[in-house]
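Presented below is the structure to which this report refers.
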Amino acid sequence: MQIKRALISVSNKDGVVEFARQLHEAGVEIVSTGGTMKAIKEAGIPVTYVSDVTGFPEIMDGRVKTLNPYIHGGILAVRDNEEHVKQMKEHKITGIDLVAVNLYPFKETIAKPDVTLAEAIENIDIGGPAMVRAAAKNFKFVTIVTNPARYAEIAKQVKENGCVDDRTRMELSQEAFAHTAAYDAMIKDYLAEQLKK
Numbered sequence: 001m002q003i004k005r006a007l008i009s010v011s012n013k014d015g016v017v018e019f020a021r022q023l024h025e026a027g028v029e030i031v032s033t034g035g036t037m038k039a040i041k042e043a044g045i046p047v048t049y050v051s052d053v054t055g056f057p058e059i060m061d062g063r064v065k066t067l068n069p070y071i072h073g074g075i076l077a078v079r080d081n082e083e084h085v086k087q088m089k090e091h092k093i094t095g096i097d098l099v100a101v102n103l104y105p106f107k108e109t110i111a112k113p114d115v116t117l118a119e120a121i122e123n124i125d126i127g128g129p130a131m132v133r134a135a136a137k138n139f140k141f142v143t144i145v146t147n148p149a150r151y152a153e154i155a156k157q158v159k160e161n162g163c164v165d166d167r168t169r170m171e172l173s174q175e176a177f178a179h180t181a182a183y184d185a186m187i188k189d190y191l192a193e194q195l196k197k
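For what it's worth, UniProt numbering labels the leading residue of the sequence shown as 1, then goes sequentially.
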């Protein structure tokens, strides 16, 4: 799968600007959200705001921004399924070939002394895990990157081959499911502790 379009939305911004730059130099269109988009734009890298893709603003303090068919249809479409391709054309959905997402800093939030339950709840990511899981499920066609340590390797493959090889995509999918599983387990444990109080 040639990587033509990437969605980048990360809480941990380590290395993300350089990653976006490398992808842009390889001819990849970058779509992004909020703070990630700002960092990429300030570095002089062309970037499309997710709201310009969805036709809908970020609402409810950012709780709803990527939960949209223009995003999830672009990630989940099975590219060799004629019906999926037809529906993409009908609904003007453009494929998303690479998703670079890491999640709200729940662990760091609950580690703060005197953190309130309300603060902890606001740092439970919803759209992030949905995109991660969608891309990981569709790893046959989509590259999912949740670990910044992988950026250089992925950018290198895209620059050299225009795509990421099959085995790496499956490895990244497995890493992504481990990432969301650990995240959910942490939330479950935190809420269990709150119930004991």
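Positions of the beta carbon are idealized from the N, C-alpha and C atoms, including for glycine.
Paired residues, beta bridge with residue i - DSSP
| i | result |
| --- | --- |
| residue 71 | In the DSSP output, where bridge partners are listed per residue, residue 71 has none listed. |
| residue 7 | 31, 99 |
| residue 49 | 32 |
| residue 144 | 99 |
| residue 64 | 59 |
Environment of residue i [buried if 16+ CB atoms lie within 10 Å]
| i | result |
| --- | --- |
| residue 125 | buried |
| residue 6 | buried |
| residue 60 | exposed |
| residue 78 | exposed |
| residue 213 | Missing from the structure shown is residue 213; the chain here goes from 1 to 197 and no further. |
| residue 65 | buried |
| residue 27 | exposed |
| residue 55 | exposed |
| residue 36 | buried |
| residue 22 | buried |
| residue 102 | buried |
| residue 95 | buried |
| residue 121 | exposed |
Cβ shell of residue i (< 6 Å), same chain only, five flanking positions each side left out
| i | result |
| --- | --- |
| residue 76 | 134, 138 |
| residue 177 | 136 |
| residue 72 | 134 |
| residue 29 | 5 |
| residue 38 | none |
| residue 141 | 1, 79 |
| residue 118 | none |
| residue 185 | none |
Anticipated Cβ contact below 8 Å, residue i with residue j, distance rounded
| i | j | result |
| --- | --- | --- |
| residue 50 | residue 32 | 7 Å |
| residue 183 | residue 110 | Rounded, the Cβ-Cβ distance is 12 Å, inconsistent with contact. |
| residue 100 | residue 10 | 6 Å |
| residue 98 | residue 3 | 5 Å |
| residue 162 | residue 67 | Going by Cβ atoms, the distance from residue 162 to residue 67 rounds to 30 Å, so no, they are not a contact pair. |
| residue 144 | residue 173 | 6 Å |
| residue 74 | residue 34 | Going by Cβ atoms, the distance from residue 74 to residue 34 rounds to 19 Å, so no, they are not a contact pair. |
| residue 70 | residue 93 | 6 Å |
Cβ shell of residue i (< 7 Å), same chain only, five flanking positions each side left out
| i | result |
| --- | --- |
| residue 180 | 129, 132, 133 |
| residue 147 | 175 |
| residue 123 | 104, 105, 106, 109 |
| residue 57 | 51 |
Cβ-based neighbour list, residue i, same chain, cut-off 8 Å, excluding 5 preceding and 5 following
| i | result |
| --- | --- |
| residue 187 | 106, 124 |
| residue 43 | 17, 20, 21 |
| residue 193 | none |
| residue 25 | 159 |
| residue 12 | 102, 105, 148 |
### Message
With a threshold of 8 Å, are at least 3 pairs of Cβ atoms found where one atom belongs to the segment 158-167 and the other to the segment 80-94?
### Response
Here the segment 158-167 does not lie against the segment 80-94, with fewer than 3 beta-carbon pairs under 8 Å apart.
#### Entry: Any 3 or more C-beta pairs closer than 8 Å across the segment 38-58 and the segment 105-122
Flag = no, the segment 38-58 and the segment 105-122 do not touch.
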